[in-house]
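Protein chains in written order, with our numbering: chain P, 3 to 314; chain Z, 6 to 139.
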């Protein structure tokens, strides 16, 4: 292992520091960042109950047979009411206890929308620097538009369950658009083949507009069928991940990396701005500006300009 | 007390299939503002120690109704110690006779909660006793 000398407890503690955004974490991330960038970051997303965790467990099994190390970041939602969370993804992944080359970490979203927690990117960088070959990022159960994982992962896998919608669902904008690979899981269920065929028909035929002129264009994802609970189709999925990674040394991958860098830097900049607005120097001015907006004495645009001017 | 949520592992060691209590507690602690990692039924001591290590939890809560607590719980405590997880609070619940409690505490279990314990009592105990981290 590259960083942390393979010390799993130190790695776990550092991930906690990253989640809690402590000064220790920032110092460590600054040091680790140059060592990251080697791992294959794979996002796994899809609706609740579509089989993300079970598929992750099946992928781990196959990767370990091939002798490759793997880390998992499994995100589940936090309660908007109490801040608590039930992190249940590990239930499906418990077969790898004692294997030093498998590291599974649950994360609560902690109020962050978009399918991940705000610390997921930094946590992935830590695991990357720690030397894992592949990092699986499992989002919360997503709906149609939680596409944040696509900016974070080199390869984004979107899971669908059979009979979840017709062709019109397949051509809606959002989650399916960011898929590099679409997986119809529960392939042993009735309708799985038809769902895969419909998705194939609607997605693979996406017109490659604007090729070469730098304009964004729709992806044409592979559509695969898996039965994660039995492992059927998982080798084909791993092969597709490899193909995507091998093909992804071109401009698409560069654009993904740039988007990831932008997302990371923006998140940190926004956090810094927020904490400066709440520091002892600015706290009361910020509060009175916010109160003015709440009372409709000030519009939110003027308030934002005022807050930005305050911290300059 | 840290302002971050306390992270708790709820695990069921051994072979009994009675996970209602563990699920009720996991859900109840969620509602008390804890981050609860639930790992499901039939966990080996090694699985529990691995999960506690990787998740960096503050608390390991063990639910056992099979009668094998005198074998499994000390073994889990020993594995946690071997991983240097000395600052993790270990609690147990389920069907554990009072006569066994002193030996379990000797083995490293911090507290045993019997039938009739309320979720609020468990939550208050955890908040009061979790080991502070830097």
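Ideal Cβ placement from N, Cα and C applies to all residues, glycine included.
Beta bridge counterpart(s) of residue i as assigned by DSSP
i	result
residue 18 of chain Z	Z:48
residue 47 of chain P	P:160
residue 1 of chain P	Since the first residue of chain P shown is 3 and the last is 314, residue 1 of chain P is not available in this structure.
residue 94 of chain Z	Z:64
residue 27 of chain P	DSSP lists no partner for residue 27 of chain P.
residue 69 of chain Z	Z:99
residue 130 of chain Z	Note: residue 130 of chain Z sits in no beta bridge, so no partner.
residue 183 of chain P	P:159 and P:224
residue 87 of chain P	P:80 and Z:40
residue 104 of chain P	P:72
residue 117 of chain Z	Z:97
residue 12 of chain Z	Z:40
Alpha-carbon spacing of residue i relative to residue j, whole angstroms
i	j	result
residue 7 of chain Z	residue 167 of chain P	Low per-residue confidence applies at residue 7 of chain Z: pLDDT is 48, beneath 50, and the placement is therefore not dependable, though the value from the model is reported in the following sentence. Cα to Cα, residue 7 of chain Z sits roughly 45 Å from residue 167 of chain P.
residue 34 of chain P	residue 264 of chain P	18 Å
residue 293 of chain P	residue 185 of chain P	48 Å
residue 15 of chain P	residue 110 of chain Z	26 Å
residue 290 of chain P	residue 24 of chain P	28 Å
residue 257 of chain P	residue 70 of chain Z	54 Å
residue 241 of chain P	residue 68 of chain P	12 Å
residue 15 of chain Z	residue 92 of chain Z	17 Å
residue 98 of chain P	residue 46 of chain Z	15 Å
residue 226 of chain P	residue 233 of chain P	13 Å
residue 230 of chain P	residue 49 of chain Z	23 Å
residue 276 of chain P	residue 19 of chain P	19 Å
residue 79 of chain Z	residue 156 of chain P	44 Å
residue 42 of chain P	residue 137 of chain P	6 Å
residue 309 of chain P	residue 116 of chain Z	50 Å
residue 25 of chain Z	residue 68 of chain Z	10 Å
residue 148 of chain P	residue 105 of chain Z	50 Å
residue 33 of chain Z	residue 41 of chain Z	10 Å
residue 2 of chain P	residue 129 of chain Z	Coverage of chain P is limited to positions 3 through 314, which leaves residue 2 of chain P absent and any answer about it impossible.
residue 255 of chain P	residue 54 of chain Z	38 Å
residue 77 of chain Z	residue 93 of chain P	20 Å
residue 22 of chain P	residue 82 of chain Z	27 Å
residue 175 of chain P	residue 89 of chain P	29 Å
Residue from the options whose Cα sits closest to the Cα of residue i
i	options	result
residue 61 of chain P	P:121, P:25, P:31 and P:135	P:135
residue 178 of chain P	P:187, P:191, P:161 and P:199	P:161
residue 12 of chain Z	P:87, P:224 and P:79	P:87
residue 228 of chain P	P:59, P:20 and P:43	P:59
residue 51 of chain Z	P:102, P:80 and P:298	P:102
residue 142 of chain P	P:12, P:52, P:259 and P:262	P:52
residue 102 of chain Z	Z:112, Z:120, Z:36 and Z:94	Z:120
residue 237 of chain P	P:270, P:63 and P:47	P:63
residue 59 of chain Z	P:37, P:90, P:12 and P:65	P:12
residue 169 of chain P	P:313, P:57, P:296 and P:204	P:204
residue 261 of chain P	P:131, P:298, P:151 and P:163	P:151
residue 99 of chain Z	Z:10, Z:23 and Z:9	Z:23
residue 127 of chain Z	Z:86, Z:138, Z:20 and Z:27	Z:27
residue 49 of chain P	P:314, P:39 and P:78	P:78
Cβ of residue i within 9 Å of any chain Z Cβ
i	result
residue 108 of chain P	yes
residue 96 of chain P	yes
residue 187 of chain P	no
residue 169 of chain P	no
residue 277 of chain P	no
residue 122 of chain P	no
residue 141 of chain P	no
residue 64 of chain P	no
residue 274 of chain P	no
residue 11 of chain P	yes
Test: residue i CB closer than 9 Å to a CB of chain P
i	result
residue 45 of chain Z	yes
residue 90 of chain Z	yes
residue 86 of chain Z	no
residue 36 of chain Z	yes
residue 51 of chain Z	yes
residue 58 of chain Z	yes
residue 126 of chain Z	no
residue 10 of chain Z	yes
residue 73 of chain Z	no
residue 54 of chain Z	yes
residue 39 of chain Z	yes
Every unbroken alpha helix (DSSP H) within the stretch 119-162 of chain P, with a cutoff of 4 residues, ordered by chain
122-131 and 150-154
Please list the residues of the stretch 72-97 of chain P that have a C-beta atom closer than 7 Å to any C-beta atom in chain B, keeping them in chain order.
Of the protein chains in the structure, P and Z, none is chain B.
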